[in-house]
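What follows is a single structure, written as structure tokens, with notes after it.
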Amino acid sequence: MSATNTTASSILLLDPESSSENSIYEQILQDILAGRLQANERLKVSALATRYGTSTNPIREALQQLRGEGYVIFSPNKGARVRPIDEDFARDIYEVEALIEPYLTAWFVGIATEEAIRQLEDVQDEIEALGFEDPLRHSELDTRFHQIIYDGHYNRHAAELWWRHREILRTIARRFPYSMVRRKEILVEHRQIIDRIKNQDAAGAAEAVRLHILGSGRHIVEHMRSARNRKL
Numbered sequence: 001m002s003a004t005n006t007t008a009s010s011i012l013l014l015d016p017e018s019s020s021e022n023s024i025y026e027q028i029l030q031d032i033l034a035g036r037l038q039a040n041e042r043l044k045v046s047a048l049a050t051r052y053g054t055s056t057n058p059i060r061e062a063l064q065q066l067r068g069e070g071y072v073i074f075s076p077n078k079g080a081r082v083r084p085i086d087e088d089f090a091r092d093i094y095e096v097e098a099l100i101e102p103y104l105t106a107w108f109v110g111i112a113t114e115e116a117i118r119q120l121e122d123v124q125d126e127i128e129a130l131g132f133e134d135p136l137r138h139s140e141l142d143t144r145f146h147q148i149i150y151d152g153h154y155n156r157h158a159a160e161l162w163w164r165h166r167e168i169l170r171t172i173a174r175r176f177p178y179s180m181v182r183r184k185e186i187l188v189e190h191r192q193i194i195d196r197i198k199n200q201d202a203a204g205a206a207e208a209v210r211l212h213i214l215g216s217g218r219h220i221v222e223h224m225r226s227a228r229n230r231k232l
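Position one of the sequence shown corresponds to residue 1 (the UniProt record's numbering), numbered consecutively onward.
The structure is reproduced here in structure tokens:
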């Protein structure tokens, strides 16, 4: 099962020099998530067109899409501004993921081959050998682990929604290293997921994934809350 299908290759991996409407949308989104466009910052179409080297029409269309997804807020007489990426935002994202990923996982259990399970075990072996020493490499391996499970699903909308939400949470999480406790939990949770897939326990695998997502999501929110409180 390949982890480089249309889900992985078509979302958030676009050429940053491209002036396509989709690329402009992705660039603005990434700048919002990374804090380069700050919370409540005014989003002026002309200034953004200059920033991204494009005309105003792709900017307007990107802002409308971002508005529909909740990243941009439009106010009467004030135009567009950046929605704060706060604890409530992160909570909403991971709670949705805690619904989507168990659904994708339960289906995978019914089609999982010995080769796919071997791939999961090999990736998990790499994760454990790495020991969280290289955060970027860990993130790549963790994404690979979940892609093996989700990428073959027939419901491409659900799989792509997972991918997009994962990238959002991953961007936020880069600011907050895992605690030692959470590191140990992640390793245990991954092994539980593999074991339940091997045992063809669809309900058990789905529940293990749900708890895994909730644990990581709460970890991010707690860090965000602590960072906010330190600024007060």
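Positions of the beta carbon are idealized from the N, C-alpha and C atoms, including for glycine.
Tell me the rounded alpha-carbon separation between residue i and residue j.
i: H138; j: L120; result: 14 Å
i: G35; j: I117; result: 38 Å
i: I59; j: I32; result: 14 Å
i: A173; j: I220; result: 6 Å
i: R83; j: F89; result: 9 Å
i: E115; j: A49; result: 48 Å
i: V198; j: T54; result: Here the sequence assigns Lys to residue 198, which means Val is not the residue at that position. When rounded, the distance between both Cα atoms is 50 Å.
i: D134; j: I213; result: 21 Å
i: R42; j: A80; result: 6 Å
i: K78; j: N40; result: 11 Å
i: Q200; j: R228; result: 43 Å
i: A112; j: L63; result: 40 Å
i: E140; j: V123; result: 10 Å
i: M224; j: G215; result: 14 Å
i: I73; j: W163; result: 23 Å
i: R230; j: Y52; result: 33 Å
i: S2; j: A98; result: Model confidence at S2 stands at a pLDDT of 43, short of 50, so the residue's coordinates are unreliable; what they give is reported in the following sentence. Approximately 24 Å, taken between the alpha carbons.
Which word fits residue i, buried or exposed, when buried means at least 16 other C-beta atoms lie within 10 angstroms of its C-beta?
i: P177; result: exposed
i: E69; result: exposed
i: Q38; result: exposed
i: G131; result: exposed
i: V181; result: exposed
i: P102; result: buried
i: Y154; result: exposed
i: L169; result: buried
i: R175; result: exposed
i: R196; result: buried
i: R144; result: buried
Tell me whether residue i sits in a helix, a strand or coil according to DSSP, three-state version.
i: R81; result: strand
i: F176; result: coil
i: R36; result: coil
i: S75; result: strand
i: L43; result: strand
i: G215; result: helix
i: Q200; result: coil
i: N155; result: coil
i: E101; result: helix
i: S55; result: coil
i: T50; result: helix
i: G131; result: coil
i: L232; result: coil
i: T171; result: helix
i: A112; result: coil
What is the C-beta distance between residue i and residue j, in whole angstroms, given that I count them as a contact (C-beta under 8 Å)?
i: I193; j: A203; result: At roughly 13 Å, the Cβ-Cβ gap does not stay under 8 Å, so I193 and A203 are not in contact.
i: G217; j: R91; result: 7 Å
i: Y94; j: L29; result: Going by Cβ atoms, the distance from Y94 to L29 rounds to 18 Å, so no, they are not a contact pair.
i: E96; j: H146; result: In the sequence on display, residue 96 carries Val and not Glu. At roughly 15 Å, the Cβ-Cβ gap does not stay under 8 Å, so V96 and H146 are not in contact.
i: L161; j: I85; result: Contact doesn't hold; Cβ gap of about 18 Å is too wide.
i: A158; j: L104; result: 6 Å
Exercise. Below 8 Å, can you find three or more Cβ-Cβ pairs linking the segment 124-132 to the segment 180-200?
Worked result: yes
Exercise. Given 8 Å as the limit, is there contact between the segment 143-160 and the segment 100-110, that is, 3 or more CB pairs closer than that?
Worked result: yes
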